[in-house]
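Taking it in order: structure first as C-alpha cells, then the write-up.
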Amino acid sequence: MHEFQLPDMTCGHCAGMVSQTLQMTDPGCKIQVDMPKRTVTVQSTEDRQTLAEALTEAGYPPA
1 MHEFQLPDMT
11 CGHCAGMVSQ
21 TLQMTDPGCK
31 IQVDMPKRTV
41 TVQSTEDRQT
51 LAEALTEAGY
61 PPA
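Per this note's numbering, the sequence shown runs over residues 1 to 63.
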C-alpha cells in the first residue's frame, strides 16, 4: 500500500484525473482519495516509483 501527498490535487476533477492515471498504470489497483488532506492511498502491485512517475507525468507530483 502506498500513500502520496498531492498538493496540486485541489478539486474533484483533480481527484478524478489522479484516479484515472493510477488505474491506467495498474487496472487492478484500489484507490482511496482524501481531498481535505490532499492524499491518495493506493493498493497496487506496481512499485511506488512507477506510481509516482505516472502521477508526476499527469501533473500531480507527490510532495
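Glycine is no exception: its CB is placed at the ideal position from the N, C-alpha and C atoms.
Annotated three-state conformation of E57 is helix, per DSSP. Distance between T41 and M9, taken at the CA atoms: about 13 Å. Going by DSSP, T45 is part of no alpha helix (DSSP H) at all; its letter is neither H nor E. By the criterion of a C-beta distance shorter than 7 Å, P27 is surrounded by no residue of its chain, once the five residues flanking it on both sides are discounted. Per DSSP, the beta-bridge partners of D34 are T39.
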